[in-house]
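Each residue of the first sequence is one higher than the one before, counting from 441 in my numbering.
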Amino acid sequence: MKSSSFSADVLDVVRLIPYGRVTTYGAIAAYLGSKRSSRTVGWILNSTKGISDVPAHRVVNRNGLLTGKKHFKSLTTMSKLLINEGVNVENDLVVDFKQLFWDPNLALSLTS
DNA sequence: ACACTGACCACTG
DNA sequence: CCAGTGGCCAGTG
């Protein structure tokens with residue numbers, strides 16, 4: 441292990457995700473720019489797994505599907521965390537995902 | 001330097 | 001609807 445720094449941007453955005461909200465890999469990648477792609481966000485979170493500072497459970501794929509649940513301690517950890525925050529999860533899918541979706545592009549930018 | 005892999009996304013058949 | 005393929009970027013052997 442060594443790498444670090446590179447993920448700073450991604451981790452920063454993930455930490456900013458409000459309680460009870462979720463976002464997607466693509467949204468984060470889009471916010472950071474074309475430098476990183478959705479996949480890049482994924483491998484970064486892989487490095488963050490185990491770090492409480494980063495609510496990776498709030499990051500899902502573009503379908504609102506908990507694709508990363510398998511990387512958590514348990515397959516139910518991710519869904520439990522979300523449900524605990526008030527996010528309804530059914531069949532590993534975030535209910536009303538579009539309503540709970542938190543877009544960093546809208547939240548972090550936009551002066552008005 | 002090369003090949004393979006991966007918490008993705010989109011297109012094509 | 002499901003399977004396959006390409007593109008994307010970085011890590012590891």
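Backbone N, C-alpha and C fix where the C-beta goes; we use that ideal spot for every residue, glycine too.
Residue i, DSSP secondary structure in three states
i, result
"residue 537", "helix"
"residue 500", "strand"
"residue 592", "Beyond the ends of the chain as shown, which are 441 and 552, falls residue 592; an answer cannot be given."
"residue 481", "helix"
"residue 464", "strand"
"residue 544", "helix"
"residue 491", "coil"
"residue 515", "coil"
"residue 459", "coil"
Inter-residue Cα distance where the pair is residue i and residue j
i, j, result
"residue 472", "residue 456", "14 Å"
"residue 484", "residue 532", "22 Å"
"residue 469", "residue 450", "8 Å"
"residue 510", "residue 547", "29 Å"
"residue 499", "residue 488", "12 Å"
"residue 441", "residue 459", "Reliability of the predicted coordinates at residue 441 is poor, the pLDDT of 47 falling under 50, and the value obtained from them is presented with this limitation in mind. Residue 441 and residue 459: Cα-Cα distance of roughly 30 Å."
"residue 512", "residue 530", "17 Å"
"residue 495", "residue 506", "13 Å"
"residue 523", "residue 490", "19 Å"
"residue 514", "residue 486", "15 Å"
"residue 447", "residue 544", "16 Å"
"residue 453", "residue 540", "16 Å"
Given residue i as reference, the closest of the options once Cα atoms are compared
i, options, result
"residue 492", "505, 479 and 521", "521"
"residue 537", "482, 462 and 480", "462"
"residue 465", "453, 475, 481 and 452", "481"
"residue 527", "448, 454, 479 and 497", "497"
Cross-strand partners of residue i (DSSP beta bridge)
i, result
"residue 505", "533"
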